[in-house]
């Protein structure tokens, strides 16, 4: 066999191994119900902020955690404690992705990612004094 | 809203702009046709070949370029004059936006950044028309063809009511939004722009996008030469200009990526320079394939091997640039990226663009692949070309691995229709839970392999089939001594650092190895062979970067976390727990590692509040060994009700040669909603039974009950005398326990219609409220109720993170880009010399 062919075979083997490794690393988005069932493992859950529920960040007590309520895509609401400071514009977030697990009835997230609305959407047309929301 | 005669609009600009867009579009098509026809009309490429197609093409592309520049000029004109009738102006500038941010505002949006890209394409096109000589027509055909697609993105043409081709920057606000305000003809006098996102109001936003987009645009040049080579079967000649431009592109694109990292680290609150975010990856991956292409071209130019892979790498690079544009601009990344654009209705245009480039280049390559020359005999394992090819393959792996993970949302989008077809449930693959650790674990091995390969292959020569005798001896001595020195160096550096993971030891060791071998090369360069100096500089830079990445990543720790001093365990380098601490004003908080921080003061400058944090570091004996001050700040908006709205935090970093102390401060008011605050006033009234002359205490004050005023109080907002009232005014003197400040206050109590009423008094500066609740005549006492308002606490939440060895990262990256750049200059000088001798 030619060296390039051997090299090619090795390359393909490594590539397949790496892709399997990536597939193994990849997870799936789940929901709160699943995270309660499988409380030993980490879960990534997509949902929206419940604006009607309290969002608590009190740096005087603990600057490294804040809590809020999130509704997952299946409609279940769950209290979440996130182990970091409250991100900027948190209240405006359109969608939240949490990574963490259930602990004592609370979803403890060690990572949070927000999707914030772009400037183009739902932007109030700022007038001098009053603000008029466009109704697209 | 039809038929309203709006006042004050400047519609001519939009009409002119739209006309220029159509002109740019049609001239791009004309230029494409002319250059394609011209290329096909000349059987053998030559700059002397007389053809009218060249003239038409040049004229068309020139008109196209001038149109694009005029469009940009018009948008600037609109932005500077604040013509808010245009959506793009309204969305990106505001009356309060300083003039220096007008460039940033221009390329903040999709349309503006596409125009910036097109601008560079035109400039590069002009450069190629003057320098590409015989390559001009095929290369410009590619450029013009690509420009057609770019103009598509800003065309703003409506087909029917729903289908829109491209988003025009000249769209009117009243056509983009529907709001009642547009019923008034003079709506323009009432509106204000929304302005530039405060996070982007900084000078990095002025210099980073133009550099990055020049990088993006310039990847098209080597790709265009590759297409020209395939097209005209000039399988060797195309590589000379392609290599020169590839080096240019690599240096610029790399600098753009580096600037993004520095920006994230220096000016944003991310607390790091690289987070493997999909948007970052999207620009890194093409750079990696471009560098791989540069290496295979070097091989191909010296040996004739690797011509095919050179073709593939350059075309792949441009394809990946467009793919990364698709990822970041189509909205498909959605929940996986922090800073992707959201959907703008350009998804399908991007997919078509991608499809045309992908299928077109695969088709062209397949059609020509049998013609591409390759030496009969294989590369020998003793030759430099063999190992450089292996190195390029490693880089291709790196690119593939990053892309596979970054594209997870694309897998979802591709797989789900197939799953549905077979009646299976939809999948929803998520990225790895810890993306940073995931990428680091893979790319660490790429780093190790590239370092080893770039280390020993420097001692090898092109076109040598065997290694025997003196050459073998020299090779073994050089590599062997560098290997031994690398192990010693690794031990000397890693042992005191406390890093335990052997993978990091390996990475640092191989980094040192490549630095040493390339240093030897650099010395050789000084003693004669100047040509190798650029590659030695770049590879030394790579080695330094590896060491810097290990130290700044594995040993980075927040100064607040008792468990923060990571022992270098392999894992998430960006684990961000317990990095915040609260520092009240005037107070000192002890941190770990002998540091302490005092929040001394704050002040306001324009729309920024600046904090002064004094850091002090003591050794174990308590001697002060270091002190420094940082001034992180936050940007704020003042709301009409007088309260402040937090908009962005900017860090301040103390730089040392061996490490940085990164500091970020967010003030208390940023976390509070003033309206909510008032509602949540939880302090309670406390009753005090006191006689005249008594003193009583609250939490923060003490109060002396002086006596009563017998006269009827004057009318005020809170009390108006009515016939039959029995009013009592108590006089109290309040003393602050902390400051000693005092104030005399009067509070009114009255009986009206046999009912008791009181008027509470609040002393803002002492945080005290008092009311006279009732009288107890039998005991000669009064019942007062007091409450201390919780004092408005004044504090900042501080992050302070140590980044050891970060300067090695910057130095290493700068050397890599410098190496590419020097190599380009050397090649240009060489060519000039050649031409002079011809």
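Residue numbers (this note's numbering), protein chains in the order written: chain A, 1 to 136; chain B, 1 to 838. Just so you know, even glycine gets a beta-carbon here, dropped at the ideal spot from N, CA and C.
Member of the options whose CA lies at the smallest distance from the CA of residue i
i	options	result
residue 199 (chain B)	B:803, B:758, B:476, B:636	B:636
residue 627 (chain B)	B:597, B:299, B:604	B:597
residue 27 (chain B)	B:17, B:147, B:119	B:147
residue 560 (chain B)	A:50, A:54, A:57, A:64	A:64
residue 629 (chain B)	B:610, B:666, B:314, B:224	B:610
residue 69 (chain B)	B:89, B:120, B:97	B:120
residue 348 (chain B)	B:163, B:601, B:130, B:125	B:163
residue 505 (chain B)	B:515, B:516, B:491, B:591	B:491
residue 647 (chain B)	B:657, B:634, B:655	B:634
residue 47 (chain A)	A:7, A:102, A:15, A:74	A:74
Contact under 8 Å by Cβ, residue i with residue j
i	j	result
residue 538 (chain B)	residue 525 (chain B)	no
residue 381 (chain B)	residue 357 (chain B)	no
residue 405 (chain B)	residue 22 (chain A)	yes
residue 153 (chain B)	residue 216 (chain B)	no
residue 730 (chain B)	residue 750 (chain B)	no
residue 599 (chain B)	residue 583 (chain B)	yes
residue 83 (chain A)	residue 96 (chain A)	no
residue 841 (chain B)	residue 247 (chain B)	An answer regarding residue 841 (chain B) cannot be provided, because it is not within the stretch 1 to 838 covered by chain B.
residue 446 (chain B)	residue 398 (chain B)	yes
residue 116 (chain B)	residue 107 (chain B)	yes
residue 691 (chain B)	residue 780 (chain B)	yes
residue 757 (chain B)	residue 772 (chain B)	no
residue 188 (chain B)	residue 84 (chain B)	yes
residue 499 (chain B)	residue 544 (chain B)	no
residue 305 (chain B)	residue 379 (chain B)	yes
Classification of residue i by the beta-carbon crowding that lies within 10 angstroms, buried from 16 upward
i	result
residue 580 (chain B)	buried
residue 46 (chain B)	exposed
residue 170 (chain B)	buried
residue 518 (chain B)	buried
residue 830 (chain B)	exposed
residue 383 (chain B)	buried
residue 158 (chain B)	exposed
residue 132 (chain B)	buried
residue 474 (chain B)	exposed
residue 564 (chain B)	Here the model assigns residue 564 (chain B) a pLDDT of 43, short of 50, so the residue's position is not dependable, and the following value carries that caveat. Buried, since its Cβ has 16 or more Cβ neighbours within 10 Å.
residue 576 (chain B)	Its pLDDT being 44, under 50, residue 576 (chain B) is placed unreliably in this model, and the value from its coordinates should be taken loosely. Residue 576 (chain B) is buried by the Cβ-count criterion.
residue 385 (chain B)	buried
residue 280 (chain B)	buried
residue 621 (chain B)	exposed
residue 9 (chain A)	exposed
residue 264 (chain B)	buried
residue 236 (chain B)	exposed
residue 130 (chain B)	exposed
residue 481 (chain B)	exposed
residue 112 (chain A)	buried
residue 833 (chain B)	exposed
residue 420 (chain B)	exposed
residue 155 (chain B)	buried
residue 828 (chain B)	exposed
Beta carbon proximity, residue i to chain C, threshold 8 Å
i	result
residue 431 (chain B)	The structure shown contains no chain C; its protein chains are A and B.
For this session: Could you tell me whether the segment 21-28 of chain A touches the segment 423-430 of chain B, where touching means 3 or more Cβ pairs closer than 8 Å?
Result: Output reads yes: the segment 423-430 of chain B touches the segment 21-28 of chain A.
For this session: Determine, using beta-carbon pairs with one atom in the segment 281-298 of chain B and one in the segment 235-248 of chain B, whether at least three such pairs fall under 8 Å.
Result: Yes, the segment 281-298 of chain B is in contact with the segment 235-248 of chain B.
Problem set entry | Segments of 4+ residues assigned as alpha helix (DSSP H) that fall wholly inside the segment 695-721 of chain B | For secondary structure counted as the alpha helix (DSSP H) over 4 or more consecutive residues, the segment 695-721 of chain B holds no complete run.
Exercise. Is the segment 792-805 of chain B close to the segment 696-711 of chain B, with three or more CB pairs under 8 Å?
Worked result: The segment 696-711 of chain B and the segment 792-805 of chain B do not touch, with fewer than three beta-carbon pairs separated by less than 8 Å.
Exercise. How do the segment 80-95 of chain B and the segment 28-39 of chain B stand: do at least 3 beta-carbon pairs fall below 8 Å, yes or no?
Worked result: Segments in contact, no.
Exercise. Any contact of the segment 172-190 of chain B with the segment 125-145 of chain B, i.e. 3+ C-beta pairs under 8 Å?
Worked result: The segment 172-190 of chain B, when compared against the segment 125-145 of chain B, does not touch it at the 8 Å Cβ threshold.
Exercise. Does the segment 300-318 of chain B come close enough to the segment 85-97 of chain B to have 3 or more Cβ pairs within less than 8 Å?
Worked result: Because the criterion of three Cβ pairs below 8 Å is not met, the segment 300-318 of chain B and the segment 85-97 of chain B do not touch.
For this session: Identify every run of the alpha helix (DSSP H) within the segment 22-106 of chain A, keeping only runs that are complete inside it and at least 4 residues long; order them along the chain.
Result: Within the segment 22-106 of chain A, the complete alpha helix (DSSP H) runs of at least 4 residues are 32-37.
Exercise. Quick one: any contact between the segment 807-817 of chain B and the segment 252-259 of chain B, if contact means 3 or more CB pairs under 8 Å?
Worked result: As far as the Cβ criterion goes, the segment 807-817 of chain B touches the segment 252-259 of chain B, which means the pair count is three or higher.
Exercise. Which whole runs of the alpha helix (DSSP H) in the segment 488-529 of chain B are 4 residues long or more, in chain order?
Worked result: Note on the segment 488-529 of chain B: whole alpha helix (DSSP H) runs with a minimum of 4 residues are 502-526, in chain order.
Exercise. If you scan the segment 24-103 of chain B from start to end, which runs of the alpha helix (DSSP H) of 4 or more residues do you find wholly inside it?
Worked result: List check, alpha helix (DSSP H) in window: 52-80, 87-92.
Exercise. Which parts of the segment 363-426 of chain B are runs of the alpha helix (DSSP H), unbroken and 4 residues or longer, counting only runs that do not cross its ends?
Worked result: Here the runs fully enclosed are 384-406, 408-421.
For this session: Just list the alpha helix (DSSP H) runs in the segment 97-149 of chain B, keeping only unbroken ones of 4 residues or longer that don't cross its boundaries, in chain order.
Result: With a minimum length of 4 residues, the continuous alpha helix (DSSP H) runs that stay inside the segment 97-149 of chain B are 102-106, 110-131.
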